[in-house]
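Student: Sharing a structure here in structure tokens format.
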Amino acid sequence: MSSFTGVIVCADDFAVHQSASLGIAKLARMGRISATSAMVLSPRWAQDVALLHELRGQIDVGLHLDWTSDFAVAAGHGLSLGQAMRRALLGGFDVTLTRGVIERQLDLFEARWKAPPDFVDGHQHVQQFAGIRQALVALLQQRYGTQVAPPYLRISRAPPGLNNLKSLVIAWMGANALESIAVKSCIKRSRGLFGIYDFEGGSARYAALMARWLPCAPTGSVLMCHPAQAAEPVDKIGVARVQEFAYLSSNEFAAEIALAKVKLVRGEQVLNPRFLS
124 MSSFTGVIVC ADDFAVHQSA SLGIAKLARM GRISATSAMV LSPRWAQDVA
174 LLHELRGQID VGLHLDWTSD FAVAAGHGLS LGQAMRRALL GGFDVTLTRG
224 VIERQLDLFE ARWKAPPDFV DGHQHVQQFA GIRQALVALL QQRYGTQVAP
274 PYLRISRAPP GLNNLKSLVI AWMGANALES IAVKSCIKRS RGLFGIYDFE
324 GGSARYAALM ARWLPCAPTG SVLMCHPAQA AEPVDKIGVA RVQEFAYLSS
374 NEFAAEIALA KVKLVRGEQV LNPRFLS
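The following block contains the structure:
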């Protein structure tokens, strides 16, 4: 048995803007992340995907399913997060209409990456919302079910000991329900999500949170992060992105990983439907 814990360190929001894409690609080349999820509705996806070509086979590249960004609004299906949550709680999204939105994003992903996504998660965790989760699981099973390595799903539920109010609300929106239907459909899924915080407190707080998170992480869990090389003026969490990038690229992060006996891995190295049942 390995003495290290295998954790998928995933940088969300690839292609949200150039600074995020550049920062994520640099961290991947440094070996500081093992996955990234792409916002394919962004106009930058078509050009920024080139930054990932040299990393093919080294990190997981997934679809960041999007219903709540400005890109989604421009595409015609977008809602504010509050509106999306209300719809999910009051009857759920229409599964047939939702399926079309998911198919379009999968098509956009594959058109530029020339391969299926290694995984699917969701911007602001929409992949688990009622109506969306049912359509997503059914579509993944139909579209990729016969593949040797079909996409895995992110389960947005914090591991034991790593909960806070924000993580509890996120999980309440459908983490258990998504996991349940994924299990029934034999779709691989992550073993929890950490890295959830309010994007406040500066670099020192982020480092302190990492020191608490990493030793508690179970094998097969996802550490979510949102790094960028620079803060874009229109980005509400731009300052936090820069602070995350600085920490993740630092010797301090490398030392914290070693101290916690964490090994950065891809999903295929640690996820198995039977093992995670």
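Numbered according to our numbering, the sequence shown spans residues 124 to 400.
We put the beta carbon where it would ideally sit given N, CA and C, even for glycine.
Given the structure is predicted, the values throughout are model-derived calculations rather than measurements.
(1) How is the beta strand (DSSP E) around D244 delimited, first residue to last?
(2) Quick check: the Cα distance between R210 and F216, rounded to an integer number of angstroms?
(3) In angstroms, rounded to a whole number, what distance separates the CA positions of A261 and C309?
(4) Excluding five sequence neighbours on each side, which residues of the same chain lie with their C-beta closer than 8 Å to the C-beta of K289?
(5) Helix, strand or coil, according to DSSP, for R167 in the structure here?
(6) Report the rounded CA-to-CA distance for M153 versus H200, giving the unit in angstroms.
(7) Between V306 and G343, is the Cβ-Cβ spacing less than 8 Å?
(8) Nearest-angstrom Cα distance between V218 and R167?
(9) If you pair each beta-carbon of the segment 183-195 with each one of the segment 149-165, do three or more pairs fall below 8 Å?
(10) Kindly indicate which residue of V357, F137, G315 has the alpha-carbon position closest to the one of V130.
(11) For a test of the three-state rule: what should DSSP assign to R179, helix, strand or coil?
(12) What number of angstroms, rounded off, separates the C-alpha of R389 from the C-alpha of L229?
(13) Nearest-angstrom Cα distance between S142 and A169?
(14) Cβ of G403 within 8 Å of Cβ of C339?
(15) Out of L150, N287, R277, which one is the CA nearest neighbour of L259?
(16) Between A234, K149, I304, which lies nearest to L263 when the distance is taken from Cα to Cα?
(17) For the alpha helix (DSSP H) that M153 lies in, which residues bound it at each end?
(18) For K359 and Q265, what's the separation of their Cα atoms in angstroms?
(19) Please name the residue in A234, H248, A238, P239 whose C-alpha comes closest to that of S203.
(20) By DSSP's criteria, Y275 is part of a beta bridge. Which residues make up the other side?
(21) How should H246 be labelled, buried or exposed, when 16 other C-beta atoms within 10 angstroms of its C-beta is the threshold for buried?
(22) Hey, how far is the Cα of I380 from the Cα of S313?
(23) Can you tell me which of K237, A281, R222, I293 puts its alpha carbon nearest to the alpha carbon of Q251?
(24) Going by the beta-carbon positions, is the gap between A327 and E375 smaller than 8 Å?
(25) Locate the alpha helix (DSSP H) running through G129, then write down its first and last residues.
Tutor: In short, the structure shows the following:
(1) Position 121 of the sequence shown, counted from the first residue, corresponds to residue 244. Going by DSSP, D244 is part of the beta strand (DSSP E) stretching over 242-245.
(2) For the purposes of this step, residue 210 is taken as residue 87 along the sequence shown, with counting starting at 1. For the purposes of this step, residue 216 is taken as residue 93 along the sequence shown, with counting starting at 1. Cα-Cα distance, rounded: 6 Å.
(3) One-based indexing of the sequence shown puts residue 261 at position 138. One-based indexing of the sequence shown puts residue 309 at position 186. Spanning the two alpha carbons is a distance of roughly 11 Å.
(4) Walking along the sequence shown from the start, residue 289 turns up at place 166. Closer than 8 Å at Cβ, skipping near neighbours: I319, Y320, D321.
(5) By 1-based counting over the sequence shown, the position of residue 167 is 44. Of the three classes helix, strand and coil, the one that applies to R167 here is coil, per DSSP.
(6) Counting from one through the sequence shown, the residue named residue 153 turns up at place 30. Counting from one through the sequence shown, the residue named residue 200 turns up at place 77. Their backbone Cα atoms lie some 37 Å apart in a straight line.
(7) Position 183 of the sequence shown holds residue 306. Position 220 of the sequence shown holds residue 343. No, the Cβ-Cβ distance between V306 and G343 is not below 8 Å.
(8) Position 95 of the sequence shown, counted from the start, is the residue given in the question as residue 218. Position 44 of the sequence shown, counted from the start, is the residue given in the question as residue 167. Spanning the two alpha carbons is a distance of roughly 28 Å.
(9) yes
(10) Here the question's residue 130 lines up with position 7 in the sequence shown. For the residues V357, F137, G315, the minimum Cα distance to V130 belongs to G315.
(11) The count along the sequence shown starts at 1 and reaches residue 179 at position 56. Note: R179 maps to strand in three-state DSSP.
(12) Counted from its first residue, the sequence shown places residue 389 at position 266. Counted from its first residue, the sequence shown places residue 229 at position 106. One C-alpha to the other measures close to 20 Å.
(13) By one-based count along the sequence shown, residue 142 stands at place 19. By one-based count along the sequence shown, residue 169 stands at place 46. Rounded to the nearest angstrom, the two C-alpha atoms are 15 Å apart.
(14) This structure leaves residue 403 out entirely; the chain is present only between 124 and 400.
(15) The count along the sequence shown starts at 1 and reaches residue 259 at position 136. The shortest Cα separation from L259 among L150, N287, R277 belongs to R277.
(16) Translated into the one-based positions of the sequence shown, residue 263 becomes position 140. Closest option to L263, Cα to Cα, is I304.
(17) Numbered from 1 along the sequence shown, position 30 holds the residue referred to as residue 153. For M153, the enclosing alpha helix (DSSP H) starts and ends at 141-153.
(18) Within the sequence shown, the letter at position 236 stands for residue 359. Within the sequence shown, the letter at position 142 stands for residue 265. So the two alpha carbons sit approximately 37 Å from each other.
(19) Here residue 203 corresponds to residue number 80 of the sequence shown, with the count starting at 1. Considering only alpha carbons, the answer is H248.
(20) Taking the first residue of the sequence shown as position 1, residue 275 is located at position 152. DSSP lists F242 as the bridge partner or partners of Y275.
(21) As a first step, residue 246 must be located in the sequence shown, where it is residue number 123. With 16 or more Cβ atoms within 10 Å of its Cβ, H246 is classed as buried.
(22) Working through the sequence shown from its first residue, we reach residue 380 at position 257. Working through the sequence shown from its first residue, we reach residue 313 at position 190. One C-alpha to the other measures close to 19 Å.
(23) The residue labelled residue 251 in the question sits at position 128 within the sequence shown. It is I293 whose Cα lies nearest to the Cα of Q251.
(24) By 1-based counting over the sequence shown, the position of residue 327 is 204. By 1-based counting over the sequence shown, the position of residue 375 is 252. Going by C-beta atoms, A327 is not nearer than 8 Å to E375.
(25) Locating residue 129 in the sequence shown gives position 6, where the first residue counts as 1. Careful: G129 lies outside any alpha helix (DSSP H), inside the beta strand (DSSP E) at 128-137.
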